[in-house]
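Quick note on the numbering used here: the sequence shown kicks off at 155 and runs consecutively.
Heads up, the beta-carbon is just placed ideally off N, CA and C, and yes, glycines get one too.
Keep in mind that this is a model prediction, so the values were computed, not measured.
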Amino acid sequence: QGRIQDVEPLIGKCVEGEEFNKADKTQAYKLLTLSYIFLKELELAEGTMLKLLETNHEFEINETVDPSEFINLYNKYRTEPLVSIGILGGAVVGQPVITSLNGAADLNGDRQKYTPQIGFRVGLNAEYKLFDKWYANPGIGFTHMAIKKTFENDKVISDEPLGGFEGVLNFNIIELPLL
Numbered sequence: 155q156g157r158i159q160d161v162e163p164l165i166g167k168c169v170e171g172e173e174f175n176k177a178d179k180t181q182a183y184k185l186l187t188l189s190y191i192f193l194k195e196l197e198l199a200e201g202t203m204l205k206l207l208e209t210n211h212e213f214e215i216n217e218t219v220d221p222s223e224f225i226n227l228y229n230k231y232r233t234e235p236l237v238s239i240g241i242l243g244g245a246v247v248g249q250p251v252i253t254s255l256n257g258a259a260d261l262n263g264d265r266q267k268y269t270p271q272i273g274f275r276v277g278l279n280a281e282y283k284l285f286d287k288w289y290a291n292p293g294i295g296f297t298h299m300a301i302k303k304t305f306e307n308d309k310v311i312s313d314e315p316l317g318g319f320e321g322v323l324n325f326n327i328i329e330l331p332l333l
């Protein structure tokens, strides 16, 4: 003879205390929910199902083993997040690829050197589920990238060398993706 009514007095106090870890609490709340379902205590079953989902946000039903009453109760709750918010950040290093040199003077004898500098990227985004496999992912991002350029020219015009220069090219990019 089953004694399903004895489940709550036996594990009810343990599940509220610190005796159980997360996995044990998940199993205990599942057992309590099942016992309340079969005792026709639907309000108590809903309450313990809510506690089960609060204890373990990633709980999933097993459709081959779990009873249909438990599955139906589980399906009453939305278990996927409405919006996921994320931050991103990291280092950026860029190296240009020069395909042609253009200028007013002959640039063939010039020596140009590009040295990448370390930059950064930061951003904030949110993800919202539109349909089954469609998501909107709006956000905003900022990227700063720098490249050091050294230019040397050995040419002489009117007995004076042209010399060269050294500078840093800074790139600031603001990104605003919508999807």
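Taking the alpha-carbon of Lys267 as reference, which of Leu227, Gly318, Asn291 and Tyr289 has the nearest alpha-carbon? Counted from its first residue, the sequence shown places residue 267 at position 113. Scanning Leu227, Gly318, Asn291 and Tyr289 for the CA closest to the CA of Lys267 turns up Gly318.
Could you tell me which of Leu196, Gln159, Leu207 and Glu200 sits nearest to Gln181, measuring between CA atoms? As a working note, residue 181 is residue 27 in the sequence shown. With distances taken between Cα atoms, Gln181 lies closest to Leu207.
What does Glu222 pair with, by DSSP beta-bridge criteria? Within the sequence shown, residue 222 is the residue found at index 68, counting from 1. Glu is not the amino acid found at residue 222; the sequence shown has Ser there. The partner list for Ser222 (beta bridge, DSSP) is empty, contrary to what the question assumes.
Since I believe Phe274 is in contact with Val247 (beta carbons under 8 Å), could you give me their beta-carbon distance rounded to a whole number of angstroms? Taking the sequence shown and counting its residues from 1, the one referred to as residue 247 is at position 93. Taking the sequence shown and counting its residues from 1, the one referred to as residue 274 is at position 120. At roughly 10 Å, the Cβ-Cβ gap does not stay under 8 Å, so Val247 and Phe274 are not in contact.
Less than 8 Å between the CB atoms is what I'm expecting for Tyr228 and Ile215, so what's the real figure, rounded? Within the sequence shown, residue 228 is the residue found at index 74, counting from 1. Within the sequence shown, residue 215 is the residue found at index 61, counting from 1. Right, their Cβ atoms sit about 5 Å apart.
Pair every Cβ in the segment 234-245 with every Cβ in the segment 184-199, then say whether three or more of these pairs are closer than 8 Å. Not touching, per the Cβ criterion.
Should Gly243 and Glu281 be called a contact, given that it needs their Cβ atoms to be closer than 9 Å? For the purposes of this step, residue 243 is taken as residue 89 along the sequence shown, with counting starting at 1. For the purposes of this step, residue 281 is taken as residue 127 along the sequence shown, with counting starting at 1. Going by C-beta atoms, Gly243 is not nearer than 9 Å to Glu281.
With distances taken Cα to Cα, identify the nearest neighbour of Glu195 among Phe224, Phe213 and Lys167. The residue you call residue 195 lines up with position 41 of the sequence shown. Put simply, of Phe224, Phe213 and Lys167 the residue whose alpha carbon is nearest the alpha carbon of Glu195 is Phe224.
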